[in-house]
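Novice: Take this structure, written in structure tokens, and hold onto it; I'll ask about it next.
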Amino acid sequence: MRKNVFGKKFSRDTTSRRAMYRALLRSFILNHKLVTTHAKAKVLIPMVENLLNQGKQDSLAVRRHIYAFTGNDRMVSDEIVKISKNTKGSGRSMIKHVNLSARKGDNAPMVRIEFVEKIDIGKIISADIGEKKIAVSKKKKREIEKKTESVKKKPTPLSVIRKFSLKNRTDNK
């Protein structure tokens with residue numbers, strides 16, 4: 540009997556299972572979508588939503604808890620806090636799953652997990668303008684980089700340098 544036993548074992552020992560969960564979590568948070576089996580998605584969705592709800596508090600204790608949960612992965616833990624600030628919904632239903640066709644090899648039911656609302660994490664980043672760092676959107680940063688590339692001094696071709704050096708030699712004689 541399985542009385543009050545939660546979760547799946549996935550034919551793995553505890554450490555391997557936790558490593559698998561962390562890998563799935565990392566992939567989902569960094570890419571904002573993930574294609575996996577239905578069983579793994581059922582385990583992953585509540586885990587991610589719980590972390591996102593905790594991240595809304597944005598206290599030091601919560602940040603440390605998320606950091607420890609993600610296996611001391613600073614990039615993922617910071618991304619979770621950013622996502623949780625940008626999500627409007629509270630509670631559950633921040634993540635949806637879309638059923639896909641079964642996998643060919645073993646006929647396992649596949650699912651794509653993604654956020655319900657589009658999350659624009661890269662909205663505010665810093666751009667180097669001169670010596671200052673200014674917070675701008677990604678689109679604005681691309682525009683600034685294009686302008687600075689066109690303004691940057693392009694190397695003069697070798698043929699032009701030779702022409703000027705020949706002129707200077709003939710003028711001096």
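Using my numbering, the letters of the sequence shown map in sequence onto residues 540 to 712. Backbone N, C-alpha and C define an ideal beta-carbon position, used for all residues, glycine too.
1) Indicate whether V650 and A580 have their beta-carbon atoms separated by less than 7 Å.
2) Would I658 and N625 be called neighbours here (beta carbons separated by less than 7 Å)?
3) Under 8 Å Cβ to Cβ from R556, same chain only, skipping five residues before and after it: list those, please.
4) Looking only at its chain, what residues have a beta carbon closer than 6 Å to the beta carbon of G610, apart from the 5 residues adjacent to it on each side?
5) Below 7 Å CB to CB, which residues in the same chain sit around E588 once its five sequence neighbours on both sides are set aside?
6) Could you please give the first and the last residue of the uninterrupted alpha helix (DSSP H) stretch that includes E656?
7) Take the Cβ of S623 as the centre, count every other Cβ of all protein chains shown within 10 Å, and call the residue buried at 16 or more, exposed below.
8) So Q596 packs on H604, CB below 8 Å; how close in whole Å?
9) With DSSP collapsed to three states, give me the class of T575.
10) Where does I663 land, buried or exposed, given buried means 16+ other C-beta within 10 angstroms?
Specialist: Looking at the atomic coordinates:
1) Yes, Cβ-Cβ distance for V650 and A580 is below 7 Å.
2) Result yes, Cβ atoms of I658 and N625 sit closer than 7 Å.
3) Here the set comprises K548 and F549.
4) Counting only Cβ-Cβ distances below 6 Å, and skipping sequence neighbours, we find R561.
5) So the list reads R631, M633 and I634, once near-sequence residues are dropped.
6) For E656, no alpha helix (DSSP H) encloses it, and the DSSP letter there is neither H nor E.
7) S623 comes out buried.
8) Contact doesn't hold; Cβ gap of about 10 Å is too wide.
9) DSSP places T575 within a strand segment (E or B) once states are collapsed to three.
10) Residue placement at I663 is poorly supported in this model, since its pLDDT is 40, which falls under 50; the coordinates are not used for a value here.
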